[in-house]
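Engineer: Residue numbering for the first sequence follows my numbering, starting at 171 and increasing by one per position.
This structure is in C-alpha cells; I'll ask about it shortly.
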Amino acid sequence: MSLYARFQDKLEAILGDLVREGVLPDGLPMQAVAVEPPRDASHGDLATNAAMVLAKPARTNPRALAGEIAPRLEALDGVTAAEVAGPGFINLKLDPRVWDEELEAMLAEGDHYGRVDAGEDARTINIEYVSANPTGPMHMGHSRGAVVGDALASLLEWAGRKVVREYYVNDAGAQVDTLARSAHLRYREALGEDIGAIPEGLYPGDYLKPVGAALKDAYGARYAQAPEAEWLPVFKPFVVEKMMDMIRKDLALLGIHHDLFSSEAELQASGKVEEALATLRAKGLVYEGVLEPPKGETPADWEPVELTLFRSTQFGDDQDRPMKKSDGSWTYFGADAAYHYQKAQGADHLVNIWGADHAGTVKRVQSAVTALTDGEKGLDVKLVQMVRLFRDGEPVKMSKRSGNFVTLAEMVEEVGKDVVRFMMLTRKADAPLDFDFAKVTEASKENPVFYVQYAHARISSLKRKAAAAGLDAGAADLTLLDEVERALVRQAAQFPRVVRLAADAYEPHRIAFYLYDLAAAFHASWNRGNDDPGKRFLIEEQPDLSRARLELARGIGQVLRNGLAIMGVEAAEEMR
RNA sequence: GCGCCCGUAGCUCAGUUGGAUAGAGCACGAGACUUCUAAUCUUGAGGCCGGUGGUUCGAAUCCACCCGGGCGCACCA
C-alpha cells in the first residue's frame, strides 16, 4: 500500500472515531476527503482537506473541525507535527524515516512499485481500441488511438483492474465489399490478365497484389469469370483475414496485442443483433417511425422513410436512431448496439477509444448500453484528436485518395517504437498533437522522450560505475541524504498516487508529464555535482554517502522504469 | 440551427476531479562546460486563466448566457 493510501486509511480511522464519539454526525460524504502533497513544500510533507470538505455537512466550520482532527493526526506514528493552516488545511510533517522507508519500498517492490493488487475484487474493464476498418494497412492517423488505448489498458491494469483489450473488426459493411472487389481485380491480374488502371471507387493500393496472388494459389482460375454473387462471399472473409494479418503485424511494431478480435459479420450471423433488438423492443424502446429531416442543410436525396428506431432520446440523445435500414439490413449503429451489449456481458465497464470525428455517435451508443443493461453497466468514450505531421516545421501533406499517406510501419521504422509511443502520450488525448519527425529524434531537452530516457541512462551509468568502484556493497544509511535529495524521494513517492489518479481519469498522458517532471528534478540534482563535487552521487572517498545516494538514484530509476512500462516504452541503459 | 470538444505567459501545453501565492518547455535577458556529472543546470522577466453573471468558506476547475476555434449532424462506416 502506498504512503498516501496508508495515511488516507489512518485519517479515515480517525474520522470514524470522531463519528463514534459524537463529534461528527454519521453518514458524512467521505469521497472528497483526500491526503495530498501540499502545494508548497514548506507547508510540510502531507496535507488533507478533510476539515474543509466535512465542515458543512457536519454543520461546523472548517478551522474548528481541523482543530479536532489535527491532534489525533499528530499522535500518529511517523508524524512529527500537524498544523491547521489557511482556510482549514491540516499540514503534516513527517519523520524523515517515513520517506526513507518509502525509498526502501520503491526498491523492494521494484517493478511492482505503484501497482495496486485488487485480487478477486478487480473490476473487469473492456477497452476497445484501434478497430480500424480492415481495408488496408494501418496509417499514421491510427497510431495515436492505438497507443492511447494500449497505454490506458496498461494503466488500468496497474491500478488494479482486470482488462480485456478488444478490437472490433468492421467486416460487414459496404467497404468490405469494395475491398473484395478490389482484390478480385488483383486476383485476375495475378492470373495474367491486364487489368489496366484501377477503376474509381476501388482500393488502388499495391498491398492487395499479394492478396490477389494468394487468391490465385487458393482457387486457381475458378472465379476469374464467375459472377460476383459466386465469389464475393468466398473472397470477403479471405481478404479480411489477410488485412487483419497485416494490421496485427503493424500493431505488433508498436508492441500492441489485443486479447480479442470480434467480427461484426459473425455478430450479425450469430443472431446477436436480433437479440439486442428484441431486448430493446421488450422494454418498449423500439418503434417504427419516420425521422425529421436533418436541420440546416437538407440532403438533396432526403425523403421520409419508415425505419426501425431506438428511443435514444430517452437517454439524452438528440434524436432517435435507426437500427435497421429501409432495405431491412442492420445499420452500423444497430450492430454496434448489439456489439456493446455483448461486451457488457463480459465486463463490468466499457471503454472505447474513438477518433474525435465520431463524437456525434457517443450518446446513442451510451444510450444503448444503458438501455440494454438496465443502467448497470457504463460506457466511457475517450475521444482522440488528430495528429498533425511535420518535418522540420513543414506540414507533411497527405491525401487518402491518392493513397499517399504515411503508414504506421513507415513511421515506426523512421523514429522507432518508443518515440512514437511516448510522443503520442505527450498531450491530453482530446487535444490535437503535432508530431515533427525531426524534433522527436533530437537529442535535447525539447524532446521529452530523450529527456526522460537520458535521466534513466544517467542512473544506469551510475549503477555501472558504482559496481566498478565497489561502492554498491553493503546496506545504505539513508539518514545521510540531505533535504534536496529527500525532496526527490517525495516526488518519486507520488508515483503510486499519480497512477491511481491517471487511471481514474482515464488519462495516460499524466504518466508522461509526471515522468518528465521527475526526470527534470533528477537532472537538477545531478547537476549540483558540477558546482559542488561534494554533491556528486558517487564519491570514492565517501562510500557510505555514495551508497545512500546510489539508493536514491536507484529508486528514481525504478519509478522511471515503471512509468515507462505503463507507457510501453523501453527504459534506455545508455544513450549512445 | 443543433450536439460534442476546446479557449491558461509572445508560442506549444500542464494544472493532482472545488483548495493555499496559477505551473513547465520554447523564445527573450543573465550566469555555470568542453561531454554519460553541461545532450544538462541555475536565475530573471513575462497572466483580466476568452467575456459576463451565478453557485460557496474558496472557482482556471461546477452552472447559465455570450464571443472565438475544431469536429459532427437521416438508412455511410
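Don't be surprised by glycine CBs; every beta carbon is placed ideally from N, CA and C.
Which one or two residues does DSSP pair with Leu-520 in a beta bridge?
Structural biologist: Asn-296 and Leu-549
Engineer: State buried or exposed for Glu-711, treating a residue as buried only when at least 16 other CB atoms are found within 10 Å of its CB.
Structural biologist: exposed
Engineer: Ends of the beta strand (DSSP E) at Phe-560?
Structural biologist: Run containing Phe-560: 557-561, per the beta strand (DSSP E) assignment.
Engineer: Where in the region 632-709 do unbroken runs of the alpha helix (DSSP H), each at least 4 residues long, occur, reported from the N-terminal end onward?
Structural biologist: 653-662, 665-674 and 679-701
Engineer: Is the separation between the beta-carbon of Gly-258 and that of Arg-233 shorter than 7 Å?
Structural biologist: yes
Engineer: Is Asp-405 helix, strand or coil when you go by DSSP?
Structural biologist: Reading off the sequence shown, one finds Phe at residue 405, where the question assumed Asp. The answer is helix: DSSP assigns Phe-405 an H, G or I state.
Engineer: Am I right that Thr-577 and Pro-307 are in contact with their C-beta atoms under 8 Å? What's the rounded C-beta distance?
Structural biologist: Thr-577 to Pro-307, Cβ: 5 Å. Contact.
Engineer: Output the distance between the C-alpha atoms of Ala-526 and Met-556, rounded to the nearest integer angstrom.
Structural biologist: 8 Å
Engineer: What residue from Arg-746, Leu-349 and Ile-184 has the CA that sits closest to Met-200's CA?
Structural biologist: Ile-184
Engineer: Starting from Asn-261, follow its DSSP beta bridges and name the residues at the other end.
Structural biologist: Paired residues: Ala-217 and Glu-253.
Engineer: Would you decide whether Met-581 is buried or exposed? Buried here means 16 or more other CB atoms lie within 10 Å of its CB.
Structural biologist: buried
Engineer: Under the rule that 16 or more other beta-carbon atoms within 10 Å means buried, what is Gly-733, buried or exposed?
Structural biologist: buried
Engineer: Considering only the alpha carbon of each residue, which of Glu-244, Thr-348 and Leu-198 lies closest to Asp-747?
Structural biologist: In the structure as shown, the chain starts at 171 and stops at 746, and residue 747 therefore has no counterpart that could be examined.
Engineer: Would you kindly report the start and end of the unbroken alpha helix (DSSP H) that includes Thr-449?
Structural biologist: 442-452
Engineer: For the beta strand (DSSP E) containing Pro-478, name the first residue and the last one.
Structural biologist: Correcting the residue type first, residue 478 is Thr in the shown sequence and not Pro. Per DSSP, Thr-478 belongs to the beta strand (DSSP E) from 476-480.
Engineer: So the beta strand (DSSP E) Glu-336 belongs to, where does it begin and stop?
Structural biologist: Segment 332-339, the beta strand (DSSP E) holding Glu-336.
Engineer: Beta-carbon within less than 8 Å of Asp-265's beta-carbon, same chain only, minus the 5 sequence neighbours each way: which residues are those?
Structural biologist: Gly-248, Val-249 and Thr-250
Engineer: If you reduce the DSSP assignment to three classes, tell me which class Ser-172 lands in.
Structural biologist: coil
Engineer: Could you tell me which of Ala-608, Leu-450 and Arg-597 sits nearest to Gly-563, measuring between CA atoms?
Structural biologist: Ala-608
Engineer: Tell me the residue span of the beta strand (DSSP E) that contains Tyr-389.
Structural biologist: Taken as a continuous stretch (DSSP letters only), Tyr-389 belongs to no beta strand (DSSP E), being part of the alpha helix (DSSP H) at 379-389.
Engineer: By DSSP's criteria, Gly-459 is part of a beta bridge. Which residues make up the other side?
Structural biologist: Leu-477
Engineer: Quick one: measure Cβ to Cβ for Glu-743 and Ala-627, integer angstroms, because I've assumed they're closer than 8 Å.
Structural biologist: The C-beta distance from Glu-743 to Ala-627 rounds to 6 Å, short enough to fall under 8 Å.
Engineer: Taking 8 Å as the limit between beta carbons, can you name the residues of its chain near Asp-550, skipping five residues before and five after?
Structural biologist: His-519, Leu-520, Val-521, Asn-522 and Tyr-676
Engineer: Give the DSSP bridge partners of Thr-577, in chain order.
Structural biologist: Beta bridge pairing from DSSP links Thr-577 with His-309.
Engineer: Find the nearest neighbour of Arg-719 within the set Leu-730, Lys-705 and Gln-728, judged by alpha-carbon distance.
Structural biologist: Lys-705
Engineer: I need the straight-line Cα distance from Leu-372 to Ala-353, nearest angstrom please.
Structural biologist: 9 Å
Engineer: Our contact map puts Ser-716 next to Ile-726 with C-beta atoms below 8 Å; I'd like the distance itself, whole angstroms only.
Structural biologist: The beta-carbon distance between Ser-716 and Ile-726, rounded to whole angstroms, is 15 Å. This is too long to meet the 8 Å contact definition.
Engineer: Look up Trp-328 in the DSSP assignment and give the residues it is bridged to.
Structural biologist: Looking at the DSSP assignment, Trp-328 forms no beta bridge with any residue, so it has no partner.
Engineer: State the beta-bridge partners of Trp-500 as determined by DSSP.
Structural biologist: Lys-494
Engineer: Can you tell me whether His-395 is buried or exposed? The criterion is at least 16 other CB atoms within 10 Å of its CB, across all chains shown.
Structural biologist: At residue 395 the sequence reads Gln, which differs from the His that was named. When all chains shown are included, Gln-395 counts as exposed.
Engineer: If we count the other Cβ atoms within 10 Å of its Cβ and call it buried at 16 or more, is Ser-324 buried or exposed?
Structural biologist: buried
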